[in-house]
Amino acid sequence: MNEKVFLHSLFSGYISLCSNTLTHMFVQAYTTCSTETLSSLSSLSLSISSHIMSLLGASQDTQGPTNVTHKKAFPVLIFNYAHVRTPFEISLWILLALLMKLGFHLIPRVSRVVPESCLLIVVGLLVGGFIKAIGEKAPALDDTLFFLYLLPPIILDAGYFLPIRPFTENVGTILVFAVVGTLWNAFFTGGVMYGVCQLEGGQLAGVDLLSCLLFGAIVSAVDPVAVLAVFEEIHINELLHILVFGESLLNDAVTVVLYHLFKEFSAVGTVTVVDGVLAVVCFFVVSLGGLMVGAIYGVLGAFTSRFTSHTRVIEPLFVFLYSYMAYLSAEVFHLSGIMSLIACGVTMRPYVEANVSHKSYTTIKYFLKMWSSVSETLIFIFLGVSTVAGPHAWNWTFVVVTVILCLVSRVMGVIGLTYIINKFRIVKLTKKDQFIVAYGGLRGAIAYSLGFLLPNHQMKTLFLTAIITVVFFTVFVQGMTIRPLVELLAVKKKKETRRSINEEIHTQFLDHLLTGIEGVCGHYGHHHWKDKLNRFNKTYVKRWLIAGDRSMEPQLISFYNKMEMRQAMLMVESGSSARLPGLISMQNIQPKVESRGRTLPKISKGREEEIRRILRANLQQTKQRLRSYSRHDLMGDPFEDMNENLSEMRFRKQRVEMERRMSHYLTVPANRQETPLVRRVRFESDGQDYTSKERSDIRACNIGPTSSFSDAISVLDESPPLRPNQMSQGGARRRAEHGTQATADDAEETGEPQTQLRRVSDPAVPEMMIKMTKDVKPVTTIKQNGADFTIEVKTPMRTNVNSFSLGKETEITAMDGRKFKCTVREENGKLVFETDKFTSVREIQGEDMVETVTAGSACLIRKSKRV
Amino acid sequence: MGALHSLPDEPQYVDLAEKTGFSFEQIGILHKRFKQLSNNEETLRREDFNTIPDLLCNPIRSQIIEAFFDRRNFRQSEGEGAGAGAVREIGFGEFLVVMSHFRPPSVRLNDEQREVIRMEKLRFLFNMHDTDNDGTITLEEYRHVVEELLSRSGALGKETAKGIADAAMLEVASISMGHMEPDEFYEGITFEHFHKLLKEFEIESRMNIHFMNMDTTTLCK
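As they're listed, the protein sequences go chains A and B. Mapping the first sequence onto my numbering, position 59 (from 1) lands on 59, and the numbers just tick up by one. Take any residue in the second sequence, note its place counting from 1, add 867, and you have its number in my numbering.
See the structure below:
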């Protein structure tokens, strides 16, 4: 770095800034800046003190003391770019990449036709061209950068979220494609290439067979990054996706071995039989070793996550660190890092997911997606940039033959191998499938980086140019045409719907059924071994790797719980239960909702929402008070927690409700007509019951604010154990619930005449309110001064005072802080509160205050005792 | 093997092969297995299935065994043996027919044939659930299925099984009925609903097992 370069980079925009050190940006630390740079800096700086200078680099340390002698003014503004240069440039590159990605999705027309990867490469080309135009040296896609930093996130993301079931079901096919297919591609391409070179002569005559094979090995491997980028956009069906993608992951071992093998041999020049045998051994060591390293780290990761329940914040990091360590450890021995990462992710995931909290799970998911997305974007941009930057040796014959050979060998390989595989497959691969598998074999940045890693061989530039051409050809031509082709051939697409509970039940059922039938047939097939493995996992592994009860949870139950969770979340997000799929909407089609609606007045969505909000706000306050800050807990947004709690409880309640209805409506249809009548009676009588009870304990109200709320919460926690009870005593429970529901309204009205009649169709809310309002007995004081009244309602929570005059419309504050308009009249010694939603009449009868609240068709009578 | 002489001869195999689509080798192997299970008897009883060790730990063992003795699975639309109900013992023919439900479909099939196979497999599953043969899977029956599925997981499973079955049933009701009047009652899953429910399930490519062409039964018990 000289001064000119530095000045240049200062003023010619950030792109050129980045370019300078980019190749070394991760490797080179800023402290290694030369003295030269620093002195040039000092001349630039507005006023730079010797003090700062001495801090800038180790090289200045010796001059430090001498500089003190000529004293300067105190520096007001200091310029010291070198200090932040590397991280700054990295950030700029990432920012550029992300802005580009963002930009594409703002133009839907383009992103529908052209895959993102193509666009990113184009951007890379433009940026590279720009850098070149201003006379800078554009950075190349450095192999260290690529293999150590950019590739792992993508592979981890792929491995962690690998769809296990389709993968294991097709693992045989995938392995054949990955191992035999790649070998075939490498040798066929390499061999024919050599022949062509010999025939062509001239510049190409110097290419020997081993170099050709090395080239073949590099160029034949399907690239996971490119495949993912394209296949995720075309939404192809699960089978084809896993075939191509699985192949691209597993062929890494073959590529690694072939690459090192040929690199070694082409340096030495001779190959013996022993070398061949060693190569085969090496293949097994590289692949199985990689898998083992990954599995070990995966088990460690799972085991660690067992103990993280008290430090939830760092949970996600374990997943990333163990995986990265697995990758690096494998790379240390030149084992297959990709396979190691995959193995680690696959091993870790089921146990980690059972151990970590829901939030950590989301965090892991988002971080993985984010990192892999950034990496992918950067890879494609760099690919473009380095294309412009790199030295090229264009040879028409070599390049064209390479592209053709890649296509031909791929097609031949796929067709040939499918012919063999189909003899063993239950679901045969059709012609269409074969076409997509062959056509989806995209090459990408891994090939480029391997080419870049080649020793400075005379043919390196030739090879690199050919590799880049193949990459561009596959990504642009195949990547862009594969979507129309998929549509043209009407290849089955991925189904978008989530798995329903019925499908899950039948998946499980089918698994057991097939295992059973295999048992009857008496041969050990796929299902037999899977069943054995599952049982081993359940009896031994889960006990060790999963904390608590969840280790015993069968898959169906955990699926069910997850589904519950999802629906609860959805419910909170959407705020209303009506639009939800699944259980909630079911209630609407189930008869009981309607019949209930006839007995009880309906509540508007708005009111429901209000009630929900009040409860949430109240609970939240209590929670906030109870909590103290801890660095190791996720404080976060208390609202968020509330949502989770609320939704969870509400969901539970809903389930209880649903079961109750189910047992009634699905099993005892005959009783249906009578129930409304029964209910009606209960409704009123229970209300009466409650009134008398209330009278007796209205003064015994010494419950602290927090206790009442924590009670309210604990009710919800208790709800699951209650369930079987409720199920078994269908009728009794139903009665009870209606009783309590009435009391909920009741109790509330006592304390708060101005509050709207709260009737909730959501079963979770009343239960909570019942508990709340039962525990909190308000004391109402009414003062009269002519036509002016003051009503003071005292609860442990808050005191609410409202003043109003008879006959005038007054704004009244309700207990929850809402305000609404109310007109109060006096009729025959009764106080009549009238709002648009309800009417409340109070009259004094001796020692009792009797209150009648009417809302719609419902009517409540309540008595309060004079204190 | 001493059982060899009692194998049905080729012509009989031809009938069976036509009816079930198995190859002669496969029929031969299955016949051998049949003999092994039935202790060289002509017929197979429920007790004989108890000797299969792999089946012992299968949670839906009883349903699997029952399926072999269910008349509905014998594919006899007319004549004797048609109709419903369970039989006490089955011959090799019936055994093979039940097995043929798990035969992978061949590659070259038009949509119509595929649909037929699909229906057959679905019907088999449906029959396994519909134990009382009234054409619907009632809530009780469905609960039973889920309970059996979770029967290996102890008390925890029992408790949740009902919840799961109920949730699943509600899902079926919503999928198949769309909207119901307040006083309507969803009686159970009919076959049409069942078909609709598992539309996305691709059962024709999933409910298959590999029938060996080579004899590997000697390796296992």
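All residues carry an ideal CB built from backbone N, CA and C; glycine is no exception. Note that the structure is predicted; figures quoted are calculated from it, not measured.
Q) The alpha helix (DSSP H) with A/Ala547 in it runs from where to where? A) Segment: none, A/Ala547 is in no alpha helix (DSSP H) and carries neither H nor E.
Next on the checklist: At the level of alpha carbons, what is the spacing between A/Tyr560 and A/Met569?
Outcome noted: 14 Å
- Message: What residue range does the alpha helix (DSSP H) around A/Lys431 cover?
- Response: Note, A/Lys431: alpha helix (DSSP H), Lys431 to Tyr439.
Taking the straight line between their C-alpha atoms, what separation do you get for A/Ala58 and A/Ser91? A caution first: A/Ala58 carries a pLDDT of 41, below 50, which makes its placement in the model unreliable, though a value can still be read off. Going by the C-alpha atoms only, they are around 26 Å apart.
- Task: Tell me where the alpha helix (DSSP H) around A/Lys365 begins and ends.
- Result: His358 to Ala389
| request: Check each candidate in A/Glu353, A/Leu485 and A/Phe452 and name the one with the smallest Cα separation from A/Gly390. | output: A/Phe452
| Supposed contact pair A/Ala253 and A/Met339 - C-beta distance, whole angstroms, cut 8 Å | 6 Å
Q) What is the DSSP secondary structure of A/Asp531, counted as helix, strand or coil? A) Helix, per DSSP.
Handout entry: Test item: CB-CB of A/Ala393 and A/Thr469 under 7 Å
Key = no
Residue burial classification, B/Ile1076 (beta-carbon count within 10 angstroms, cutoff 16)
buried
Say whether chain B places a C-beta atom closer than 7 Å to the C-beta of A/Glu518.
yes
Original post:
Is there contact between the region 336-351 of chain A and the region 259-267 of chain A, where contact requires at least three CB pairs shorter than 8 Å?
Top reply: no
*Taking C-beta pairs closer than 9 Å, name the residues in chain B that A/Ile879 reaches, listed in chain order.*
This structure gives no information on residue 879 of chain A, because the portion of chain A shown stretches from 1 to 867.
I'd like to know whether the C-beta atoms of A/Glu315 and A/Ser360 end up nearer to each other than 7 Å. yes
So if DSSP puts A/Asn785 in a beta bridge, which residue, or which two residues, is it bridged to? A/Asp788
Run the CB neighbour count on A/Pro87, radius 10 Å, all protein chains shown included, and call it buried at 16 or more, exposed below. exposed
**Q.** Cross-chain neighbours of B/Leu963 in chain A, by beta carbon under 7 Å
**A.** Ordered by position in chain A, no residue passes the 7 Å Cβ test against B/Leu963, which lies about 11 Å from the chain.
(Q) Please tell me whether A/His512 has its Cβ less than 7 Å away from any Cβ of chain B. (A) Cβ-Cβ to chain B under 7 Å: yes for A/His512.
If you follow the alpha helix (DSSP H) that A/Val346 is part of, which residue opens it and which one closes it? Counting along the chain, the alpha helix (DSSP H) containing A/Val346 begins and ends at Gly337 to Asn355.
Query raised in the report: Can you give the Cα-Cα distance for A/Arg410 and A/Gly135, rounded to whole angstroms?
Result: 41 Å
Ranges of the alpha helix (DSSP H) found wholly within the region 892-938 of chain B, counting only runs of at least 4:
913-916, 920-923 and 928-935, all fully within the region 892-938 of chain B.
B/Ala953 - partner residues in DSSP beta bridges
B/Asp937
In whole angstroms, what is the alpha-carbon distance linking B/Ser973 and A/Ile420?
-> 16 Å
Taking a contact to mean a Cβ-Cβ separation below 7 Å, would you say A/Ile154 touches A/Asn355 in this structure? Contact: no.
I'd like the span of the alpha helix (DSSP H) that includes A/Phe96, first residue to last.
Per the sequence shown, residue 96 of chain A should be read as Leu rather than Phe. Note, A/Leu96: alpha helix (DSSP H), Arg85 to Leu106.
Could you check what DSSP says for B/Leu1017 in three-state terms: helix, strand or coil? coil
inquiry  = What residue range does the alpha helix (DSSP H) around A/Ile121 cover?
reply    = Bounds of the alpha helix (DSSP H) holding A/Ile121 are Glu116 to Ala133.
Problem - Rounded straight-line distance, which links the Cα of B/Ile984 to that of B/Asn977 - result: 11 Å
Inset, instruction - Would you tell me roughly how many angstroms separate the C-alpha atoms of A/Ser457 and A/Ser266, rounded to the nearest one? - result: Position check: residue 457 of chain A holds His in this sequence, whereas Ser was assumed. Each residue's alpha carbon lies about 10 Å from the other.
Practice item. For A/His528, return the contacting residues in chain B, with the cut-off set at a CB-CB distance below 8 Å. Key: Asp921
- Item | Members of the region 453-477 of chain A near chain B, C-beta cut-off 9 Å | none
*asked:* Please tell me whether B/Pro926 and B/Arg1073 are closer than 7 Å, where the distance is taken between their beta carbons.
replied: no
**Request:** Note down the Cα distance separating A/Ile791 from A/Thr810, rounded to an integer number of angstroms.
**Result:** Straight through space, the alpha carbons of A/Thr810 and A/Ile791 are spaced by roughly 13 Å.
### Query
With 16 as the cutoff for other CB atoms within 10 Å, does B/Phe1068 come out buried or exposed?
buried
* Determine, using beta carbons only, whether B/Gly948 comes closer than 7 Å to chain A. => With a pLDDT of 49 at B/Gly948, under the threshold of 50, the predicted position of this residue should be treated as unreliable, though the coordinate-derived value follows. False, the Cβ-Cβ gap to chain A never drops below 7 Å.
Contact set between B/Ser1072 and chain A, taken where Cβ atoms lie within less than 8 Å
By Cβ distance, chain A contributes Ile426 and Val427.
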